[in-house]
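In what follows, a structure is listed as structure tokens, so that the remarks can point back to it.
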Amino acid sequence: MAADVVSYSRLMGVDEAETLAALKTHRRDLIDPNIAEHQGRIVKTTGDGLLIEFPSVIEAVQCAVEVQRAMQERNSDVPADHRIEFRVGINLGDIIIDGDDIYGDGVNVAARLEGLAEANGICVSRVVHDQVRDKLGLGFEDLGERQLKNIARPVRVFRIATPDIGLRTQSANPALAIPDKPSIAVLPFTNMSGDPEQDYFADGMVEDIITALSHFKALFVIARNSSFTYKGRAVDVKAVGRELGVRYVLEGSVRKAANRVRITGQLVDTATGAHLWANRFDGGLGDIFDLQDHVTENIVGAIAPAVEKAEIERARRKPTERLDAYDHYLRGLAKSYQDASQQACSEALHLFNCAIKLDPDFATAYARAAFCYANAKAFGWISLTPEEVAEVSRLAQRAVELGRDDAIALADSGWALAYVVRDLDRGAALIDRALALNSNVAEAWDCGGWVKNWLGEYELAIKRFTRAIRLSPLDPWVAPMRAGTAHAHFFLSRYDEAASWAAMALQDNPNSQPLLRIGAASNAMAGRLDQAQKAVLRLRQLNPTLRISNLKNVLGPYRRAEDISRYEEGLRRAGLPG
1 MAADVVSYSR
11 LMGVDEAETL
21 AALKTHRRDL
31 IDPNIAEHQG
41 RIVKTTGDGL
51 LIEFPSVIEA
61 VQCAVEVQRA
71 MQERNSDVPA
81 DHRIEFRVGI
91 NLGDIIIDGD
101 DIYGDGVNVA
111 ARLEGLAEAN
121 GICVSRVVHD
131 QVRDKLGLGF
141 EDLGERQLKN
151 IARPVRVFRI
161 ATPDIGLRTQ
171 SANPALAIPD
181 KPSIAVLPFT
191 NMSGDPEQDY
201 FADGMVEDII
211 TALSHFKALF
221 VIARNSSFTY
231 KGRAVDVKAV
241 GRELGVRYVL
251 EGSVRKAANR
261 VRITGQLVDT
271 ATGAHLWANR
281 FDGGLGDIFD
291 LQDHVTENIV
301 GAIAPAVEKA
311 EIERARRKPT
321 ERLDAYDHYL
331 RGLAKSYQDA
341 SQQACSEALH
351 LFNCAIKLDP
361 DFATAYARAA
371 FCYANAKAFG
381 WISLTPEEVA
391 EVSRLAQRAV
401 ELGRDDAIAL
411 ADSGWALAYV
421 VRDLDRGAAL
431 IDRALALNSN
441 VAEAWDCGGW
451 VKNWLGEYEL
461 AIKRFTRAIR
471 LSPLDPWVAP
481 MRAGTAHAHF
491 FLSRYDEAAS
501 WAAMALQDNP
511 NSQPLLRIGA
521 ASNAMAGRLD
531 QAQKAVLRLR
541 QLNPTLRISN
551 LKNVLGPYRR
561 AEDISRYEEG
571 LRRAGLPG
């Protein structure tokens, strides 16, 4: 069982002392005794989270339901914005025991299921559902197969029916505020082609529509990664509006057959559920960009008719004239979003390079290829050779030459130049230009936050990460944004805040070396040496050669020597050898 507190960082920001006291009280009086009663063992705690092992799946589910029901009662007189609410994921599977800790896909699936659960909710895998459905008298809602991050195969997910948990409302968590300007989320379109292999094409259509809409400064557009958390789910658009903080939702479908394409779309007002328009667009594959333009223009005309001509022209810009290059590019995007694995990254790079060979003027393909190299370095999969660094520089420079008005090309190239080539000033300038062109790109705000960290501008970094998270509040790749926020707080000497953000990020990436490093350093500087030493122990299991003396080889290009010294001091206190 994996469990964590919903909106923990917000609660800590409202009243840190009250939140910690309330959490300790709930643990002492309810949660820990209930776990013990059901023969569970708390494997570890991660700031606001718990990982628990049970000898029986029935005991695990009973424990979760009883705790969630009791928490409802405990919160009945607590203001909504001060409530401690949990979400829970439960999986049944083999584990690897390492001392007092446990690892393996069984653990990872539980953590991913927890991320799918609502406040006060419980999500379980199919194997859990099959084991308990006739034994506990609980109702289940089938959420379908979900592709979970870093899990090779799709997992069938079930939600324990809210009446059986005792929920009185869908969620007591405050909804995100609606922006002042028209706001929209484009949900994944249904692939109607009859071939699951064509999912990448339908997803690519949505990606392009989101990109086109994001060019309109008059709109607030939710990023692709948050929209796609709804893929494969039957959704309530009013709930989507609350969860993403938007006024409008676009739903639709794509059918690709032979050389013909049909795109259908319907625009819904999330406040009322009313349909503003619905339409169908048919054409040949060669007309695909025109079809996307028609969809975009219909949306803009319905919700923000007064837009500048220049924005319309930017939204109509075709990425390439070569449909075969475009097809390889879409396949590369699908791979890059698939999971955080070296194989997926390598396959994406190959597909982007194929797109470049087919169309040597395809700006975004160059930028995405450079980004793949940078990602591989960031995750520690490769140590770039001088020749590879030169290749990253070439790809980024070519992307900038070809895509002077392309925010994605500029942002990805800027980050690669700053991180890999260590040209901080050039990288920062390109990202600033990308944000001036298109303020709706969460990826650009995230890249910009990291560059501000490396430049030593930490308050600005936090603002950029905050904007990235608001544009993509449900992003499965939110960990780098949280990690960047943790680094910024660390260098501002806010070690408790840094440790909290690192703990949240580690829930999604428990074996991430950068996250373990900042978590260890933050906890050590905050005086929590036990937690710091545990992080270093795990870090050295993953990377036995890591020392203070070679730390600079894995750090970002921090400009200020005193920042690197403080980072080293934190890890030295945590027990990393010199």
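In UniProt numbering, the protein residues as written are 1 to 578. Using N, Cα and C, we set each Cβ at its ideal position, and we do this for glycine too. Keep in mind the model is a prediction, meaning the values are calculated, not measured.
Status (buried if at least 16 other CB within 10 Å, exposed otherwise) for residue i
i           : result
residue 4   : buried
residue 39  : exposed
residue 173 : With a pLDDT of only 42 at residue 173, under 50, the local geometry of the prediction cannot be trusted, and the value read off the model is given with reservation. By the 10 Å Cβ count, residue 173 comes out buried.
residue 29  : exposed
residue 579 : Any question about residue 579 goes unanswered here, given that the chain covers just 1 to 578.
residue 136 : exposed
residue 275 : exposed
residue 493 : exposed
residue 125 : buried
residue 565 : exposed
residue 256 : buried
residue 169 : Any reading at residue 169 is ruled out, since the residue's pLDDT is 38, under 50, leaving its predicted position unreliable.
residue 480 : buried
residue 453 : buried
residue 375 : buried
residue 197 : exposed
residue 549 : exposed
residue 301 : exposed
residue 415 : buried
Sheet register partners of residue i (DSSP bridge)
i           : result
residue 125 : 157
residue 382 : Bridge partners of residue 382: none, in fact.
residue 103 : 96
residue 46  : 49
residue 257 : 260
residue 414 : Per DSSP, none; premise fails for residue 414.
residue 90  : 124
residue 268 : 249 and 275
Proximity below 8 Å, CB of residue i to CB of residue j
i           : j           : result
residue 67  : residue 92  : no
residue 248 : residue 182 : yes
residue 441 : residue 408 : yes
residue 370 : residue 411 : no
residue 19  : residue 507 : no
residue 366 : residue 402 : yes
residue 570 : residue 500 : no
residue 244 : residue 185 : yes
residue 446 : residue 468 : yes
residue 86  : residue 34  : no
residue 61  : residue 53  : no
residue 51  : residue 17  : no
residue 232 : residue 145 : yes
residue 222 : residue 472 : yes
residue 331 : residue 359 : no
Alpha-carbon to alpha-carbon, residue j and residue i
i           : j           : result
residue 109 : residue 129 : 14 Å
residue 525 : residue 568 : 11 Å
residue 81  : residue 89  : 23 Å
residue 339 : residue 293 : 30 Å
residue 434 : residue 406 : 7 Å
residue 150 : residue 116 : 15 Å
residue 451 : residue 127 : 44 Å
residue 337 : residue 266 : 26 Å
residue 437 : residue 357 : 28 Å
residue 152 : residue 77  : 43 Å
residue 10  : residue 83  : 11 Å
residue 201 : residue 296 : 17 Å
residue 580 : residue 502 : Nothing about residue 580 can be reported from this structure: the residues present for the chain run from 1 to 578 only.
residue 141 : residue 258 : 37 Å
residue 400 : residue 557 : 21 Å
residue 74  : residue 6   : 16 Å
residue 171 : residue 496 : With a pLDDT of 40 at residue 171, under the threshold of 50, the modelled position of that residue is not reliable, and no figure is offered here.
residue 392 : residue 65  : 51 Å
Distance cut-off 7 Å: residue i Cβ against heavy atoms of the ligand PLP
i           : result
residue 149 : Of the ligands one can find in the structure shown there are none, so the ligand PLP has no counterpart to examine.
* **the stretch 449-458 touching the stretch 488-503, judged by at least three CB pairs closer than 8 Å** => yes
* Asked: Per the contact definition of three or more C-beta pairs closer than 8 Å, is the stretch 146-164 in contact with the stretch 173-190?
  -> no
* Asked: Hey, is the stretch 130-143 in contact with the stretch 521-541, meaning 3+ C-beta pairs nearer than 8 Å?
  -> no
* Between the stretch 465-476 and the stretch 511-523, are three or more C-beta pairs nearer than 8 Å? -> no
* **Contact the stretch 185-205 vs the stretch 95-109: 3+ CB pairs below 8 Å** => no
* Asked: Quick one: any contact between the stretch 351-362 and the stretch 378-385, if contact means 3 or more CB pairs under 8 Å?
  -> no
* Contact between the stretch 269-286 and the stretch 237-244 (3+ Cβ pairs under 8 Å) -> yes
* Stretch-stretch touch, CB-based, cutoff 8 Å, three pairs: the stretch 284-300 with the stretch 318-328 -> yes
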